[in-house]
Amino acid sequence: MVFNLTAVTFLFVVDAQAPAATPNYNCTNIITKLTVPEKDPCTNTTAYANLGACSEFMNGTLDTPSSECCSSVDAVWSKSPACFCKVTFFSKFAEPGPERAILRPQLCNLNADLCSICPTYLIEKREHRFKRLNTASVVTVSVIVTLVVVGSIMLVRHIRKKVALKKTESSKTFVPHFNNV
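In terms of mature numbering (1 follows the signal peptide of the UniProt record, and there is no 0), the sequence shown is residues -16 to -1, 1 to 165.
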C-alpha cells in the first residue's frame, strides 16, 4: 500500500512539473476561408493598447505570456471579442507573432472556444470579394462598356459619312458623252 501511495504521489509530482503540451486551436481550415469585415472590429477600442503588454511574448523575447499579458487577453476578449478574434487569427506581427497570437489565448487559460465563436465575427472571403465586385468593379466595367458602345457608334457614323461623301463626289464627276459623229 505504501508503494501505491508513493507511486501516485510521484506521478502527481511528475505530472505537475511536466511542461504543458503546446496548445493550438485546430481551426485553421475554417479560419483560412474567412477574413475580417471591411469595418475594422478594433476601431474605437483600446484592444491594441491593452495587448501591448503581450509584445515581449509576441516578438519571441518571452517563451510564455506574462501575467499582465494574460490579464489584457481576458480584458480584450470580454470587451471586444470580434477584435480579439481579428488579432488572434489575423495577426500583423512579424514571425513568430502570428503563431504566438494563436497560442496566446490557451497559454493565458482563456476559457472560450474561439474556433466556434470567431467565425461569427468574420466573413467568407468570397462574399468579401463579391461585395467589392458589386461596387467599384461594376461601375468600372459599366463605364468601359459604355465607352466602347459610344465609340463604336461614332466610328460607324464616321464611316457612313465618308462613304456618302465619296458617292456624292463620284456622282459630281463630269464624264462627257460624245455623240457618234
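Beta carbons: idealized from backbone N, C-alpha and C, even for Gly.
In the three-state reduction of the DSSP assignment, residue 79 falls in the coil class.
With the rule of 3 Cβ pairs closer than 8 Å, the segment 45 to 57 counts as touching the segment 81 to 96.
For residue 71, the enclosing alpha helix (DSSP H) starts and ends at 65 to 73. Secondary structure at residue 108: strand, using DSSP grouped into helix, strand and coil. If you draw a straight line from the Cα of residue 119 to the Cα of residue 129, it is about 16 Å long.
For the pair residue 15 and residue 139, the Cα-to-Cα distance works out to about 52 Å. Between residue 94 and residue 25, the alpha-carbon positions lie close to 20 Å from each other. For residue 70, the closest C-alpha among the options 34, 21, 78 and 40 is that of 21. In its own chain, leaving out the 5 sequence neighbours on each side, no residue places its CB closer than 8 Å to the CB of residue 124. The continuous alpha helix (DSSP H) containing residue 40 extends over residues 39 to 42. Contact annotation: residue 77 and residue 42 have beta-carbon atoms nearer than 7 Å. Excluding its 5 nearest sequence neighbours in each direction, residue 108 has C-beta neighbours in its own chain below 7 Å: 17 and 18, listed in chain order. For residue 33, the uninterrupted alpha helix (DSSP H) run begins and ends at 31 to 35, by DSSP. Under the 10 Å beta carbon count, residue 60 is surrounded by 16 or more other beta carbons and is classified as buried. DSSP, reduced to helix, strand and coil, places residue 19 within a strand of the structure shown.
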